[in-house]
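End of the sequence shown = 354 in the working numbering, gap-free, step of one.
Glycine included, C-beta positions come from ideal geometry on N, C-alpha and C.
Structure record follows, encoded as structure tokens.
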Amino acid sequence: MPLFTADFDKLNWIMWVPTIAIFAFIAVTSHSYFFNPLLGAFGWHFYRVGTPQNVTNILITKRTIRKGDQTINGIELGDYVILETE
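Now the structure itself:
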């Protein structure tokens, strides 16, 4: 069943309502700083981290971080997003 019918003025609500409900459920229960279910499905984790200069960044990593006092090496993907390098 397509999300749109042959007439593009009408939406297929039978498909849209469950689709939106599923994405809303994932967004609410993910407790993530970024909502990207595809990265989460592939095992990526998002963490809010601080730098010695008191700047808060978002860290994207494949590993689970349990201790907050670790040094992390990574590359900047944007102004406040860091991808951990191994």
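In this chain, the beta strand (DSSP E) harbouring Ile-328 covers 324-329. With contact defined as three or more Cβ pairs closer than 8 Å, the segment 284-295 and the segment 310-317 are not in contact. Straight-line measurement puts the Cα of Gly-311 at about 27 Å from the Cα of Trp-284.
Residue state for Phe-314 is assigned as strand, using DSSP reduced to three classes. Judged by DSSP secondary structure, Ile-282 falls within the alpha helix (DSSP H) whose first and last residues are 281-297. In the DSSP annotation of this structure, Leu-307 is not part of any beta strand (DSSP E); the continuous alpha helix (DSSP H) holding it starts and ends at 305-309.
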